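Input: a single structure, listed below in structure tokens.
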Ligand SMILES: N[C@@H](CCC(=O)N[C@@H](CS)C(=O)NCC(=O)O)C(=O)O
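Residue numbers (full-length UniProt numbering): 1 to 233.
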């Protein structure tokens, strides 16, 4: 019998969302336990994950924590279900893994790091400047990495580990710029200056494995409230 998987999660967490995308794409059955993040963690959960964070998975009798590690572990455990990343000893596998790792690193260190500044951007002009910085990062760092035909990374027809690790942030970028919670200059600038990135982002944000647990209305409301609180501090 296959190892049973329990996912400890919260649907508003983009890091936990990574595990949902991986599991959905792999088509692996799992049991879900929702962790209430609005109150202190119960002692039993601190035994699962002493850091108290989501996501964690229980795989058989083993606990695995940290979203990127969880997603990579699931991808490596089920290489045949819906290959998210080639195994490292397949021809070209090590290089493909390195390319995905570099893309994910660029997404977070160059683009997402700009969005993390939104909580300090109080005026419309400051928010528009964050939007411009996001686009500048996409133009310089991501556009050149998305030149293969095909909706997903490396020209793949299916989601890859690159989308598993970035998708929850990409769907927020697309939804929250549309609603104006994130800088509303982003969509127009993106379509004009970084078309491959924006086309990829639309495809990621529309994919059922990414949209599965994404409650756009709730995430829009909580992000809006969080940014307002940070700006008022
Ligand atoms: N580096 C962690 C980050 C996970 C994380 O920050 N999760 C948040 C929710 S989005 C959490 O569990 N917060 C609970 C807390 O800080 O008490 C990962 O990638 O898994």
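C-beta atoms are modelled at their ideal positions from N, C-alpha and C, and glycine is treated no differently.
Being a predicted model, the structure only gives us computed values, none of them experimental.
Using 10 angstroms around the beta-carbon of residue i, count the other beta-carbons present and answer buried if the total reaches 16, otherwise exposed.
| i | result |
| --- | --- |
| residue 180 | exposed |
| residue 55 | buried |
| residue 183 | buried |
| residue 177 | buried |
| residue 162 | buried |
| residue 44 | exposed |
| residue 226 | exposed |
| residue 160 | buried |
| residue 230 | exposed |
| residue 116 | exposed |
With which residues is residue i paired in a DSSP beta bridge?
| i | result |
| --- | --- |
| residue 152 | 156 |
| residue 32 | 7 |
| residue 64 | 57 |
Consider the C-beta atom of residue i and the heavy atoms of ligand 1; say whether any pair is separated by less than 7 Å.
| i | result |
| --- | --- |
| residue 50 | no |
| residue 67 | yes |
| residue 46 | no |
| residue 54 | yes |
| residue 10 | yes |
| residue 15 | yes |
| residue 37 | yes |
In three-state terms, what does DSSP make of residue i?
| i | result |
| --- | --- |
| residue 9 | strand |
| residue 58 | strand |
| residue 223 | helix |
| residue 87 | coil |
| residue 39 | coil |
| residue 207 | coil |
| residue 195 | helix |
| residue 110 | helix |
| residue 230 | helix |
| residue 80 | coil |
| residue 139 | helix |
When you compare the CB positions of residue i and residue j, do they come within less than 8 Å of one another, or not?
| i | j | result |
| --- | --- | --- |
| residue 86 | residue 92 | yes |
| residue 170 | residue 205 | yes |
| residue 10 | residue 2 | no |
| residue 106 | residue 145 | yes |
| residue 133 | residue 120 | no |
| residue 27 | residue 81 | yes |
| residue 24 | residue 155 | no |
| residue 210 | residue 34 | no |
| residue 127 | residue 118 | yes |
| residue 64 | residue 70 | yes |
Using a threshold of 7 Å, is the CB atom of residue i nearer than that to any non-hydrogen atom of ligand 2?
| i | result |
| --- | --- |
| residue 122 | Inclusion of ligand 2 in the displayed structure is not the case, the ligand content consisting of ligand 1 alone. |
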